[in-house]
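Protein chains: 2
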Amino acid sequence: MSKAKKIEEKEESTEEKIKAAAKKLFTQKGFAATRTRDIAEEAGINLALLNYYFRSKQKLYDIIMMENFRQFIQGISVNVYDEKTSIQEKIEKIVIAYIDFLTLNPHLPLFILNEIKGNPSRIAAQVNEDVSPMRSHLLKQLEEAGKAGKITPVDPFHFMANLVGMTIFPFVGKPILQRVTNVNDEQFSAYMQERKRLVPIWLKAILTTPLPPIPGPED
Amino acid sequence: MSKAKKIEEKEESTEEKIKAAAKKLFTQKGFAATRTRDIAEEAGINLALLNYYFRSKQKLYDIIMMENFRQFIQGISVNVYDEKTSIQEKIEKIVIAYIDFLTLNPHLPLFILNEIKGNPSRIAAQVNEDVSPMRSHLLKQLEEAGKAGKITPVDPFHFMANLVGMTIFPFVGKPILQRVTNVNDEQFSAYMQERKRLVPIWLKAILTTPLPPIPGPED
DNA sequence: AATTGATTTAATCATTTGATTAAAATTTTT
DNA sequence: AAAAATTTTAATCAAATGATTAAATCAATT
Numbered sequence: 370m371s372k373a374k375k376i377e378e379k380e381e382s383t384e385e386k387i388k389a390a391a392k393k394l395f396t397q398k399g400f401a402a403t404r405t406r407d408i409a410e411e412a413g414i415n416l417a418l419l420n421y422y423f424r425s426k427q428k429l430y431d432i433i434m435m436e437n438f439r440q441f442i443q444g445i446s447v448n449v450y451d452e453k454t455s456i457q458e459k460i461e462k463i464v465i466a467y468i469d470f471l472t473l474n475p476h477l478p479l480f481i482l483n484e485i486k487g488n489p490s491r492i493a494a495q496v497n498e499d500v501s502p503m504r505s506h507l508l509k510q511l512e513e514a515g516k517a518g519k520i521t522p523v524d525p526f527h528f529m530a531n532l533v534g535m536t537i538f539p540f541v542g543k544p545i546l547q548r549v550t551n552v553n554d555e556q557f558s559a560y561m562q563e564r565k566r567l568v569p570i571w572l573k574a575i576l577t578t579p580l581p582p583i584p585g586p587e588d
Numbered sequence: 370m371s372k373a374k375k376i377e378e379k380e381e382s383t384e385e386k387i388k389a390a391a392k393k394l395f396t397q398k399g400f401a402a403t404r405t406r407d408i409a410e411e412a413g414i415n416l417a418l419l420n421y422y423f424r425s426k427q428k429l430y431d432i433i434m435m436e437n438f439r440q441f442i443q444g445i446s447v448n449v450y451d452e453k454t455s456i457q458e459k460i461e462k463i464v465i466a467y468i469d470f471l472t473l474n475p476h477l478p479l480f481i482l483n484e485i486k487g488n489p490s491r492i493a494a495q496v497n498e499d500v501s502p503m504r505s506h507l508l509k510q511l512e513e514a515g516k517a518g519k520i521t522p523v524d525p526f527h528f529m530a531n532l533v534g535m536t537i538f539p540f541v542g543k544p545i546l547q548r549v550t551n552v553n554d555e556q557f558s559a560y561m562q563e564r565k566r567l568v569p570i571w572l573k574a575i576l577t578t579p580l581p582p583i584p585g586p587e588d
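Here the protein sequences come in this chain order: Z and Y.
Taking the numbering used here, the leading residue of the first sequence gets 370, the next gets one more, and so forth.
Taking the numbering used here, the leading residue of the second sequence gets 370, the next gets one more, and so forth.
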């Protein structure tokens, strides 16, 4: 029966069980607040096994962290370089990709933000490797459209801040947002689905709204 | 000399020194990653003093947390109830208040978000005590303006998500945003100052852009 | 100056926690 | 089936850490 079980149930390897448990706990509670014993228990294995497979808590964390980060950044890097799509199409794809991804991994963004704050240099290499948005096709398009008078010229900083702020922030601020707007989990998900359609519309509105001149010093 | 020093230099009390050190470290590194010994060292006092004044790490943390949270939420609660100002004025005031406040306390939002995730129930009471935005004057105004056809009707959830996302998120995502847009600290601050003017304009654009009808199931 | 109360320190405790070790159990290979 | 390699466990170690204690110092009051 044990052999049959091995073959039929196709139980995931111990290493994978540990990684899954570690991902869950690290992502939820952060490095310092996660105990190796908790990971072991969550994975249904002995504490020593964790160190047998991964040498140390830190090494295990590093692995999880990098996998998380890669996944997170891929959402943007795939679309931002595509030379065949229009500005509007790119925005739509990015927003949809992020909302879908974060609906499945709601704890990720806060985890990433914490990790980056605690260790900016380690992330640096990874970002530069995966995406250099400043040289992306999307930003070139925006610059050209701005010069051609087709949209209101925008600084890349503001554009990114708006795109990411409207798309990712609701997941980061979910608990506050829910309480403040009196919305339950189900409703929250529904709203986020709506935002797939709305955020691109709003970003377009922003890009086509003329900016009033800055008021001068005279009254 | 010791008496003169006491009077002239007006050295802050030990209790205040501990609280200041605790606020700095807790806000920067979170509860679990902060050692009571580090707080003591940062405050220039002995470890035992910390427990003498505050009984325990947890008690000290609770105090800091609540003070932080109150400060954070005040930025919105003051303006959101004002019955004399227009929608546009309220938005402008809220955005300016938050950007000014977070420029001085850049670590706060991430700290708050972490704390809320880790302990939603404790925050609940505080939120309900300080603000119930759902009954705020601002949302009433938005609802009325929507019915009167003066703006595109918006759901409070989306409005809050956009306002907060565009205003607070840049501070939370500062490290990522800076790296991705290749912006240094000084430039970042300048951009955030710009956003005091821009975000209200953009929010207005969002509120006045008609939403295209949802495409039906037919092709 | 002496007494009293508040503040501060050094030393120590007890628990938690990451990590290791040696042995047992299991699986794979011969 | 025996031997070898791999995987798993129980027990234990050492360091870190939150907390306590008893004594020393300082400040205020008499």
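Even glycine gets a Cβ: it sits at the ideal position worked out from N, Cα and C.
{"Asked": "Rounded distance between the beta-carbons of VAL552 (chain Y) and TYR560 (chain Y), thought under 8 angstroms", "Found": "7 angstroms"}
{"Asked": "Chain-ordered neighbours of HIS527 (chain Y) on chain Z, where CB pairs are closer than 8 angstroms", "Found": "TYR560, GLU563, ARG564 and LEU567"}
{"Asked": "Contact residues within the stretch 531-545 of chain Z, judged by C-beta distance below 7 angstroms to chain Y", "Found": "ASN531, VAL533, GLY534, MET535, PHE538, PRO539, VAL541, GLY542, PRO544 and ILE545"}
{"Asked": "Nearest-angstrom Cα separation, counted from ALA574 (chain Z) out to GLU385 (chain Z)", "Found": "46 angstroms"}
{"Asked": "Proximal residues, the stretch 377-403 of chain Z versus chain Y, C-beta separation under 9 angstroms", "Found": "GLN397, LYS398, GLY399, PHE400, ALA401, ALA402 and THR403"}
{"Asked": "Under 7 angstroms from the C-beta of LEU482 (chain Z): neighbouring residues of chain Y", "Found": "LEU479, VAL541 and GLY542"}
{"Asked": "Of the listed residues Z:ARG424, Z:LEU394 and Z:SER425, nearest to ALA412 (chain Z) (C-alpha basis)", "Found": "Z:LEU394"}
{"Asked": "For THR403 (chain Y), the three-state DSSP class (helix, strand or coil)", "Found": "coil"}
{"Asked": "Secondary structure of THR472 (chain Y), DSSP reduced to three states", "Found": "helix"}
{"Asked": "Buried/exposed call for TYR467 (chain Y), threshold 16 Cβ in 10 Å", "Found": "buried"}
{"Asked": "Alpha-carbon to alpha-carbon, THR578 (chain Z) and PHE557 (chain Z)", "Found": "29 angstroms"}
{"Asked": "Nearest-angstrom Cα separation, counted from LEU416 (chain Z) out to THR472 (chain Y)", "Found": "44 angstroms"}
{"Asked": "8 angstroms Cβ cutoff met for PHE540 (chain Y) and PRO475 (chain Y)", "Found": "yes"}
{"Asked": "Three-state secondary structure assigned by DSSP to ILE536 (chain Z)", "Found": "Residue identity differs from the one stated: residue 536 (chain Z) is Thr in this sequence, not Ile. DSSP places THR536 (chain Z) in helix when its eight states are reduced to three."}
{"Asked": "Exposure label - ARG564 (chain Y); buried when at least 16 CB within 10 Å", "Found": "buried"}
{"Asked": "Minimum Cβ-Cβ distance from ALA574 (chain Y) to chain Z less than 8 angstroms", "Found": "yes"}
{"Asked": "Minimum Cβ-Cβ distance from VAL552 (chain Z) to chain Y less than 8 angstroms", "Found": "yes"}
{"Asked": "Pairwise C-alpha distance: PRO581 (chain Z) and PRO525 (chain Z)", "Found": "19 angstroms"}
{"Asked": "Proximal residues of chain Z, C-beta to C-beta of LEU580 (chain Y) below 7 angstroms", "Found": "ILE570"}
{"Asked": "Test: PRO522 (chain Z) CB closer than 8 angstroms to a CB of chain Y", "Found": "no"}
{"Asked": "For TYR560 (chain Z), the first and last residue of its enclosing alpha helix (DSSP H)", "Found": "554-577"}
{"Asked": "Endpoints, the alpha helix (DSSP H) within which GLU381 (chain Z) is located", "Found": "Looking at the DSSP string, GLU381 (chain Z) is not in any alpha helix (DSSP H), and its letter there is neither H nor E."}
{"Asked": "Min CB distance LYS509 (chain Y) to chain Z below 8 angstroms", "Found": "no"}
{"Asked": "Cα-Cα separation between TRP571 (chain Z) and LEU482 (chain Y), rounded to whole angstroms", "Found": "26 angstroms"}
{"Asked": "Segment limits, alpha helix (DSSP H) that includes LEU482 (chain Y)", "Found": "477-487"}
{"Asked": "8 angstroms contact criterion, which PHE538 (chain Z) and PHE438 (chain Y) should meet: CB distance rounded", "Found": "At roughly 19 angstroms, the Cβ-Cβ gap does not stay under 8 angstroms, so PHE538 (chain Z) and PHE438 (chain Y) are not in contact."}
{"Asked": "Expected contact under 8 angstroms - CB spacing of PHE422 (chain Y) and ILE460 (chain Y) to nearest Å", "Found": "Note that residue 422 (chain Y) is Tyr in the sequence shown, not Phe. At roughly 42 angstroms, the Cβ-Cβ gap does not stay under 8 angstroms, so TYR422 (chain Y) and ILE460 (chain Y) are not in contact."}
{"Asked": "Minimum Cβ-Cβ distance from LYS459 (chain Z) to chain Y less than 8 angstroms", "Found": "no"}
{"Asked": "Test item: CB-CB of ASP447 (chain Y) and SER505 (chain Y) under 8 angstroms", "Found": "One detail in the question is off: residue 447 (chain Y) reads as Val in this sequence, not Asp. For VAL447 (chain Y) and SER505 (chain Y), no; Cβs fall outside 8 angstroms."}
{"Asked": "PHE441 (chain Y), buried or exposed, once every other Cβ within 10 Å from all chains shown has been counted against 16", "Found": "buried"}
{"Asked": "Neighbour flag for ILE485 (chain Z) against chain Y, beta carbons, 8 angstroms", "Found": "yes"}
{"Asked": "Host alpha helix (DSSP H) of TYR422 (chain Z) (start-end)", "Found": "416-423"}
{"Asked": "Cutoff 8 angstroms: VAL447 (chain Z) Cβ touching any chain Y Cβ", "Found": "no"}
{"Asked": "Reference ASN488 (chain Z), options Z:VAL464, Z:ASP431 and Z:GLU381, closest by Cα", "Found": "Z:ASP431"}
{"Asked": "Where LEU580 (chain Z) sits in the DSSP three-state scheme", "Found": "coil"}
{"Asked": "C-alpha gap between TYR480 (chain Y) and GLN562 (chain Z), whole angstroms", "Found": "For the record, residue 480 (chain Y) in the displayed sequence is Phe; it is not Tyr. Distance between the alpha carbons of PHE480 (chain Y) and GLN562 (chain Z) is about 28 angstroms."}
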